[in-house]
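Student: One structure is given below, represented as structure tokens, and several questions about it will come after.
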Ligand code: F6R
């Protein structure tokens, strides 16, 4: 794994966005895997800024999001569909039909997982996957104990993940307890991966990723099996690891 140690969140966002832009610009057909949460927000702001100033086109790009909450529709502000529309898609020239997010409202969730996985495979898989990391070492919503062979599946979120994400839900809104997520094997099939990490809260997870045993109890350690992972992380996130 290549480690790019940066000073802070802003530098992390700029470095990752510059790389994403360069790969998109050098390709005529591109599949970009996307994450939500707090960490990639700065990257999306940089991509929008670049779109506005350099006119980088997304007309040839397909996006595949890692995950979505069960029971939330794109009209729910807290859904990852809404997050992506709000923080990126509506500000760039990507055709809506080229953006893919699992459907958390599907009547049959198991069928939706198979559909999403097949859809991704039929389109040739992900070229570049952007990842964050959970405080418990999750990637996507693959919680500790998830099989490294997993494909897109339904997960029950752990108390740690529910607590970390509670800040996004107003008191009036019930926080979903389940989500759909690409599996670890799905993520590992991406041709290239960039994992972002910023801040003290990610110190333990980054230390386990870089120095701990490879184990399904720390899902991110599966990334060691992949030949093209770049970690872009700031000093605080890397403090225990390096
Ligand atoms: C979200 C996702 C999660 C987050 C992780 C970190 O699509 O896949 O794995 O990347 O929970 O979240 P933040 O960035 O909010 O700390």
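In this note's numbering, the protein residues as written are 46 to 287. For each residue, glycine too, the CB sits at the ideal point set by N, CA and C.
Between the alpha carbons of residue 198 and residue 177, how many angstroms are there, rounded?
Tutor: Cα-Cα distance, rounded: 19 Å.
Student: Ignoring anything shorter than 3 residues, give me the beta strand (DSSP E) runs that lie fully in the segment 200 to 233, in order along the chain.
Tutor: You should have 223 to 226.
Student: For residue 128, which residues of its own chain have a beta-carbon under 8 Å away from its beta-carbon, when the five flanking residues on both sides are left out?
Tutor: Hits under 8 Å: 81.
Student: Under 7 Å from any heavy atom of the ligand F6R, does the C-beta of residue 297 make it?
Tutor: Nothing in the structure corresponds to residue 297, since the chain is present only between 46 and 287.
Student: Only counting the same chain, and skipping five residues up and downstream in sequence, which positions put a Cβ closer than 6 Å to that of residue 113?
Tutor: Taken in chain order, the residues that qualify are 125, 146, 147, 149 and 225.
Student: If you measure from the CB of residue 111, is any heavy atom of the ligand F6R nearer than 7 Å?
Tutor: Residue 111 Cβ: within cutoff of the ligand F6R.
Student: Comparing the CB of residue 228 with every heavy atom of the ligand F6R, is any distance shorter than 7 Å?
Tutor: Every heavy atom of the ligand F6R is 7 Å or more from the Cβ of residue 228, so no.
Student: Give me the DSSP bridge partner(s) of residue 174.
Tutor: Beta-bridge pairing links residue 174 to 78 and 238.
Student: So, is residue 272 buried or exposed, given that buried needs 16 or more other C-beta atoms within 10 angstroms?
Tutor: When all chains shown are included, residue 272 counts as exposed.
Student: From this set, 102, 121, 122 and 76, which residue's C-alpha is nearest residue 110's C-alpha?
Tutor: Comparing Cα-Cα distances from residue 110 to each of 102, 121, 122 and 76, the minimum goes to 76.
Student: Residue range of the alpha helix (DSSP H) that residue 65 falls in?
Tutor: 54 to 70 is the extent of the alpha helix (DSSP H) around residue 65.
Student: Could you tell me whether any non-hydrogen atom of the ligand F6R is closer than 7 Å to the CB of residue 183?
Tutor: Flag set: Cβ of residue 183 near the ligand F6R.
Student: Between 59, 97 and 249, which lies nearest to residue 87 when the distance is taken from Cα to Cα?
Tutor: The candidate whose alpha carbon is nearest that of residue 87 is 59.
Student: Please report how far the alpha carbon of residue 245 lies from the alpha carbon of residue 266, in whole angstroms.
Tutor: In a straight line, the C-alpha of residue 245 is about 19 Å away from that of residue 266.
Student: If you follow the beta strand (DSSP E) that residue 113 is in, where does it begin and where does it stop?
Tutor: From DSSP, the beta strand (DSSP E) with residue 113 extends over 112 to 114.
Student: Going along the chain, which residues of its own chain have a beta-carbon closer than 6 Å to the beta-carbon of residue 186, five neighbours each way excluded?
Tutor: Counting only Cβ-Cβ distances below 6 Å, and skipping sequence neighbours, we find 112, 200, 224 and 226.
Student: Hey, quick one: how far does the alpha helix (DSSP H) through residue 275 stretch, first residue to last?
Tutor: Note, residue 275: premise wrong, no alpha helix (DSSP H); beta strand (DSSP E) at 274 to 279.
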